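Trainee: For reference, the structure I am asking about is given below.
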Amino acid sequence: MSNKNIQLLKRNFVIVDNYFFTINNESASLLKFNTKGDLVNAYPLTEIISNEVTCLMHDGFNFWSMETDGSDIDDGVIIKKWNLCGNYCCNLIKSINLNTKSFTNFGNVFNDTFYDSIIGDNWIVAYGVWEAINNKLLVISGNPAKIYTYIKTVYDFNLSIDFWCTGSYIGTFNIRMYKNDNEVIDFMIYHNTMYEHYVIQENEIIVYSEYNVSPINLYIDKVNDIVIKRTDHKTQFIINDYIVFVSESFTKVNLNKLEFEFMGYSRHIILGFDKVSIDGDYGNYLFESETFALEYYNTGFKEKTDSGTSRVSLLDPYTDIIESGDTLILGPNKEGFSEEVTVSGYLGNSIYGLPFFTFYDYEIGDSICIYKHIWLFNNYTATEHTGALYKIHAETNEIKTLYSGNNFSNISACTIAEITDIKQIGIKNCLMYVSAASIKFLDVYNPLNVHCNMLIDNFFGSEIFKVYGLCVNNGIIYRLQLKTNYFGTVYTETTYNYQCSPIRNFVETVLLSVDPLILPNTGVNKAIVRCSSRDQYGYPSEGASALFSENSPTGYMVLNNYNLDIEGNAKTFYVSGVEIGTITIGVEILQNDW
Amino acid sequence: MTVMSNIKLRKANMSIKDHYFYMFDDDADLLMQKVDDGVVAFSYPLDTPLANEVIDSEFDGINFWTLENTNPNAIIKRWVIENYICKLKTTLEFIGEVSTGHYYDVDAFSVENYYLTISGTQLPGDKIIYVSPGYSAKIMGGMTVTLGPNYSGHTETILVSTAVDGIVTLSTEITQTYQSGDDFRFYNNLFLFNNFDGIDDTSAALYKMNAYDGSFLVKYTGGAYKDVTASKFVNTDKFTEYGIINSLAFVKGANLLFINIEQLGTLSEIYRSMVIDNLLVDTGEILHVFDIDIVDDNIYKLQTNGCKFGENVVFESGANYMIEPFKSFLTSVLLYTNPGIIPANNIATTVLTAQAADQYGLPVSGKLIYFSCSAEEDDPVVYIDGPNYSNTDIDGKATIVLRAGPVTGLAKMIATVEQS
C-alpha cells in the first residue's frame, strides 16, 4: 500500500471520465493519467503559459485553468478556457484577466520590429505597420495602420498618444470610438479656438480630420468621458488625470474599443502609458486567489435536432438557470463535432431559441453543457484585504455578486458538484471548499446557506495539511495533497497525490458513556451504557447497529445489539458481576446499509 | 533501475540509413556510422568543418541534413556521401533579425521528401520520366530528383524542368537505364520547429521553408510547436483508417504527435497522438528526446536517460535509443470503482471497472482481464463476488463485482491483461 498514487508534479487536477488531468506549464501540456499514475495521454497547449496553474476545472466539455499572473497583487489572476476539439491539442479558447495591472512602459507589449527607441520610462516611438500584440491590448496592423485598445467600463489609467509626421502631409486621420449599446456619448472638438460639441447615440463615432489642415486632440476626462480638441502640430489622446480640457457637458459612456486608423504615409507614433488597466472591468478590484469553482450543468438533447435549426430542446430545461445570452455547448455528436451557441430566450416546453442556426446534426441524448458562473475565492473584497467569494459570469466576465467574509480567505481548494448521497440534504448543487480540516458544502444558489460540513483527515495533531485541489467522482471527494495522514502515519511527498473521502454518510465517530461508572459487585446492580454515533458531517448515524461488549467474567449486558435511533443513540444496561475489578465496556458500530 | 546502452553516440543527433545509425560529430568533423551495439561500422570525414554542434540530423534517402542552432539564427546543411567523404552540398542560413521579422531558435527540423518509383523502362537519353502518380503538387521545375539505384547500382541526380502528375520532364537526359520499380526520390521543403513566432518568443511556430534556397514559405503559429526537440517527416500508412498520410511526427513532452502536412493550418492538422514512455519513474519528470527516426514499425528515440516497463533506465555512456512501437499496444489500464468506498459489513458491493487503452489512447477491446486483490485472504477488505475475469468491450471496459469484507481498510485491486 502506498499513499502515493498519481504523483502529479503540479498542484492542479480534475477528474474526467475517471481519468486524472493536470496542466503542467513547464511541459506546456495537459496530461492524462489513470488512477495508478500511468500517463495515458498528453495534449500540448496551443498557448504557452509561464505560470503554474493552481486550479483546474472541467465543465463537461471545456477545461478551465487558473494561474497567478505575477508576483504583485495587482497582477491578479488569469482564468483560461481550453478544450480538446479533436486535434490532440489543448486549445485555448479564451482568457479572462482578473487584474488591475500597471505598466510603466510597453517594451514588453510591442513587437520589437516596430519600435525604434524608448524615450524615458513611458514612451515608445513606433513606425508604420504594427502587428497584433499579446492580450490584444493594442493592435496596430494593416495598411492603413490601426490601433485598437480594448477598454471596458472602469478606467484607472492615463494614456496619451501623439501622432506626427516629419512630412507636411500625413493623410487622413480617422478616429472611431466604440461604445456599448444604449449609451449616450458626448464629445467635443476644439477647432480653431472653438469647441464643437457632439452628442452621438449610435454605437460608433467617427471623427474625420485632415491632418494637414489641423490636427486634433482627443481628451478623455474621467473614466468614460470624451473630449476631442484640435491643436496645431500634433494630436493627443489623453485619459483620466492627464486632462487638458474639461467640459461640463460630458456624460459617461462605456467605451469598449478605441480604434485609430491612418491612411497615408507611415509615420511616427508615440504611445505613452502611465498606468493601464487591462480589461479594465476590474480596475476597482484586487485579486489574490488560488482557486475557483465552475458552476455548470450537463444535460442532453430531448429531440433529434438537424443542422440549420434555431432552437434546441433540452432533456432537463434548467429554466431557473439558463438565461438569454448564456452559452450552450452542443455535442459532441456521433461524429465528434460540437459547437457553442448563444441562447436568445426560452420558448417553453424545454425549448430554447437561438439567434443563429446550428451547424451540426444531433441525436436524442447527445450532450449539452451549460457553464454559468465562476466562483472565485479571493483574499480581497474589492480592494480591502478581507476574503470574499466572487460570482463571475463565465461568459461575460461580469462580477455578479460578491460575498464578503474572512471565511472565504486563503482558500486553496474548491469545486462544484451535484450532491445526491447525503441523506440529510437530499439532491443539491453544492459549492464545496476546504476550510482547515473540513469541507464546507454551500448552496450554489445561496452561498450564505451552508448545507453541511464534512470532517476530513488532512491533519495530524494540531497540524493541518494543505489541500491543493478538490474533485468529486463516483461519490468520492478526491483531495490533492503533498502531505498526508495515511492511516495514522504522516507522509510528506514531493509530488501531489489524491486522498479520498466518501460523500455518502459514513460512521465517523462513536461516543460511549456509562453511568454510574462504579457499581457494587452484587450481580444485580445496573449501569446505563449509552453510545452516540455521528457521521463525517456530524449527523446521527441513524439505523446503524451498535454491538455492545464487556469483558466481565460474570457481569453481562442486558441486550448487546441495538439499532441507533434517529438521534444516533442507543442504550443498554450492564449488570454487574460478583468480582471486583475494572471492566472494559465497548461498542462497535456497524454500518449496515449498502 | 536498469543500466544499459546500445548505440552510445557521443553527440545527440541521429539518423538511420539501412538500419545503420549515423551521427554527426562536430568535434571530429566526421559522420559516424554505427551498428546497433555501438560498434563503429564506418566513418566519413566531412569536407567542410562544422563550427557548431549538430543538434538534429535527418536522412531523406539520398541526402543527410544537419541543423545547427545559433539562436537567433539557424543553419541547415545538406550533405551527400561521395567517395567515402561526406560532402557539403547546400548551406541554408536563416538569419534572425528584426528587419526580417523572424528570429530562429530551432532544435528540431524535418525534410519533406518523397519516395516514388519509376513506371516502365527508362533508357539513356530519355528526358521524360514516368513515375508513380499522385505527387504532381509536390514536384516542380527547379527541384532535383534522384533516380536509382538501378540494377547496376547507379544513381543520378538531375534538375527538373517541368512536372505533371506521373510525368517528370528533366532538364538533361538520363545516362542510365532504369526499370519499372526503381527508386525516384526528391525533397522539396523543410519544416522548422521554431521557438519564436516571428520575433515573439512567448509563442512558437512551425516554419515551412524552401529546401533549395531557404526562402520562407509560411509559418503556423501554435504553442504546441514550442520546445520541440525531435521530429521526423514520414510518409506513412500505419494508420489504416487514414490511408497514406504525409506526416510530420514530432515529440512534444511525453507524446509523439503526427501532423498531416496537407491539413496544416486547420483544426485537423494533428491527426494522431501517441503517448511515449518518457516519464521518469517516481518524479514524473519528462525526459528529453534529442532526435527520432522511424524505421518500419519502430520509432527510435535518442535519449541520454530513459524509462521502460516502469523502471528508470540509465545509460552507460552517451546517447542511446529507446524504442516505441507504431503498432497498437496495450499501454494503460484504468481501474476505478463506483462507489469507491463501501461499508465493511460483508454486504455492500461495488463495481470494479478496468478500462484498457493503447498508446494512442484508443480503447483496446476483446482482451481478457484477470482481477485480483492484494488484501489478506484471512481477513479481506473485499471479496471478488463472482468470476475474477472479464473481457473488455468495444470501449475497452471490463467489469466485475466486489463485495465488502468484515474489516476496514484499503483494498488494492490488480488487473492483469495481456497483449495478444
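Going down the list, the sequences are from chains A and B. With the working numbering, the residue at position 44 of the first sequence is 44, and numbering never jumps. With the working numbering, the residue at position 170 of the second sequence is 1170, and numbering never jumps. The beta carbon of each residue, even a glycine, is placed where N, CA and C say it ideally should be. Since the model is a prediction, treat every value here as computed from it, not as a measurement.
One question on the structure: do residue 413 of chain A and residue 469 of chain A come within less than 8 angstroms of each other, judged by their Cβ atoms?
Mentor: Yes, these two residues count as a Cβ contact at 8 angstroms.
Trainee: Where does residue 322 of chain A sit, in a helix, a strand or coil, going by DSSP?
Mentor: Reduced to three states, the DSSP call for residue 322 of chain A is coil.
Trainee: Indicate whether at least one CB of chain B lies closer than 8 angstroms to the CB of residue 171 of chain A.
Mentor: Caution applies to residue 171 of chain A, whose pLDDT of 32 falls short of 50 and renders its modelled position unreliable; the value that the coordinates give is listed next. It does not: the Cβ of residue 171 of chain A has no partner Cβ on chain B nearer than 8 angstroms.
Trainee: Check whether the stretch 1217-1224 of chain B touches the stretch 1081-1101 of chain B, counting contact only when three or more Cβ pairs, one atom from each stretch, lie closer than 8 angstroms.
Mentor: Cβ pair count under 8 angstroms is below three, so no.
Trainee: Tell me whether the beta-carbon of residue 1021 of chain B lies closer than 8 angstroms to the beta-carbon of residue 1054 of chain B.
Mentor: Cβ distance not < 8 angstroms, so residue 1021 of chain B and residue 1054 of chain B don't count as in contact.
Trainee: Whose C-alpha, out of B:1183, B:1144, B:1218, is nearest the C-alpha of residue 1152 of chain B?
Mentor: Residue B:1183 is the option with its Cα nearest to residue 1152 of chain B.
Trainee: Between residue 1202 of chain B and chain A, is there a C-beta pair that is closer than 8 angstroms?
Mentor: By this cut-off, residue 1202 of chain B is an interface position.
Trainee: Does the Cβ of residue 1301 of chain B have 16 or more other Cβ atoms within 10 Å, making it buried, or fewer, making it exposed?
Mentor: It counts as buried.
Trainee: Does the beta carbon of residue 1227 of chain B come closer than 8 angstroms to any beta carbon on chain A?
Mentor: At least one chain A Cβ lies under 8 angstroms of residue 1227 of chain B.
Trainee: When the cut-off is 8 angstroms and only beta carbons count, does residue 1357 of chain B lie next to chain A?
Mentor: So yes, residue 1357 of chain B belongs to the interface.
Trainee: In chain A, what lies closer than 8 angstroms to residue 1010 of chain B by C-beta?
Mentor: Within chain A, no residue comes near residue 1010 of chain B; the closest Cβ sits about 27 angstroms away, beyond 8 angstroms.
Trainee: If you draw a straight line from the alpha carbon of residue 52 of chain A to that of residue 406 of chain A, how long is it in whole angstroms?
Mentor: Taking the straight line joining both Cα atoms gives about 25 angstroms.
Trainee: Under three-state DSSP, which class holds residue 61 of chain A?
Mentor: Residue 61 of chain A falls in the coil class under three-state DSSP.
Trainee: Flag this pair as yes or no: are the beta carbons of residue 1111 of chain B and residue 1139 of chain B separated by less than 8 angstroms?
Mentor: No, the pair does not count as a contact, with Cβ atoms beyond the cut-off.
Trainee: Between A:7, A:34, A:8, A:9, which has its C-alpha nearest residue 944 of chain B's C-alpha?
Mentor: Missing from the structure shown is residue 944 of chain B; chain B here goes from 1001 to 1420 and no further.
Trainee: Between B:1358, B:1405, B:1007, B:1074, which lies nearest to residue 1109 of chain B when the distance is taken from Cα to Cα?
Mentor: Closest option to residue 1109 of chain B, Cα to Cα, is B:1074.
Trainee: Residues in the same chain with beta-carbon distance under 8 angstroms from residue 1172 of chain B, minus the five sequence neighbours each way, listed in chain order, please.
Mentor: Contacts found: 1127, 1158, 1159.
Trainee: Please list, in chain order, the chain B residues whose beta carbon lies closer than 7 angstroms to that of residue 540 of chain A.
Mentor: Those within 7 angstroms of residue 540 of chain A in chain B number zero; the least Cβ separation is about 16 angstroms.
Trainee: Inspect the beta-carbon positions of residue 1330 of chain B and residue 1419 of chain B and report whether they are closer than 8 angstroms.
Mentor: Going by C-beta atoms, residue 1330 of chain B is nearer than 8 angstroms to residue 1419 of chain B.
Trainee: For residue 1196 of chain B, is the classification buried or exposed, using 16 other Cβ atoms within 10 angstroms of its Cβ as the cut-off for buried?
Mentor: Classification for residue 1196 of chain B: buried.
Trainee: Return the residues of the stretch 30-52 of chain A that lie within a Cβ-Cβ distance of less than 9 angstroms from chain B, sorted by chain order.
Mentor: Cβ contacts with chain B: 31, 32, 33, 34, 35, 36, 37, 38, 39, 40, 41, 42, 43, 44, 45, 46, 47, 48, 49, 50.
Trainee: Under 8 angstroms, CB to CB, which of the residues in the stretch 1329-1342 of chain B have a partner in chain A?
Mentor: Within the stretch 1329-1342 of chain B, the qualifying residues are 1331, 1332, 1333, 1334, 1335, 1336, 1337, 1338, 1339, 1340, 1341, 1342.
Trainee: Just mark residue 1115 of chain B as buried or exposed, buried being the case when its beta carbon has 16 or more other beta carbons within 10 Å.
Mentor: Residue 1115 of chain B comes out exposed.
Trainee: What residues from the stretch 1249-1266 of chain B come within 7 angstroms of chain A, judged by C-beta to C-beta, listed N to C?
Mentor: Per Cβ criterion, the list reads 1252, 1253, 1254, 1255, 1257.
Trainee: For chain B, check one thing: does any of its Cβ atoms lie closer than 8 angstroms to the Cβ of residue 469 of chain A?
Mentor: It does not; no Cβ of chain B falls within 8 angstroms.
Trainee: Does any residue of chain B bring its CB to less than 8 angstroms from the CB of residue 16 of chain A?
Mentor: Not one chain B Cβ lies under 8 angstroms of residue 16 of chain A.
Trainee: Please state the DSSP three-state secondary structure of residue 138 of chain A.
Mentor: In this prediction, residue 138 of chain A scores a pLDDT of 35, lower than 50, which makes its location untrustworthy; the coordinate-derived value is nonetheless stated afterwards. If DSSP states are grouped into helix, strand and coil, residue 138 of chain A belongs with the strands.
Trainee: Please report whether the beta-carbon of residue 1275 of chain B lies at a distance below 8 angstroms from any beta-carbon of chain A.
Mentor: Closer than 8 angstroms to some Cβ of chain A, the Cβ of residue 1275 of chain B qualifies, so yes.
Trainee: Below 8 angstroms between beta carbons: does that hold for residue 1415 of chain B and residue 1384 of chain B?
Mentor: Not closer than 8 angstroms, so no.
Trainee: Roughly how many whole angstroms lie between the Cα atoms of residue 463 of chain A and residue 1298 of chain B?
Mentor: Cα-Cα distance, rounded: 52 angstroms.
Trainee: With burial defined as no fewer than 16 other Cβ atoms inside 10 Å of the residue's Cβ, what is the status of residue 40 of chain A: buried or exposed?
Mentor: Classification of residue 40 of chain A: buried, given that the 10 Å Cβ count is 16 or more.
Trainee: Please confirm if the stretch 1274-1293 of chain B is in contact with the stretch 1254-1263 of chain B, defined as three or more CB-CB distances below 8 angstroms between the two stretches.
Mentor: Counting Cβ pairs under 8 angstroms, three or more are found: they touch.
Trainee: Verify the CB distance criterion: does residue 1078 of chain B have a CB-CB separation below 8 angstroms to chain A?
Mentor: By this cut-off, residue 1078 of chain B is not an interface position.
Trainee: Does the stretch 351-363 of chain A come close enough to the stretch 302-313 of chain A to have 3 or more Cβ pairs within less than 8 angstroms?
Mentor: Contact holds: three or more Cβ-Cβ distances are below 8 angstroms.
Trainee: Which ranges would you report for the beta strand (DSSP E) in the stretch 1333-1405 of chain B if only whole runs of at least 3 residues count?
Mentor: Those beta strand (DSSP E) runs which fall completely within the stretch 1333-1405 of chain B and span 3+ residues are 1349-1358, 1368-1373, 1382-1384, 1389-1391, 1397-1404.
Trainee: Please report whether the beta-carbon of residue 1108 of chain B lies at a distance below 8 angstroms from any beta-carbon of chain A.
Mentor: Chain A contact via Cβ: absent.
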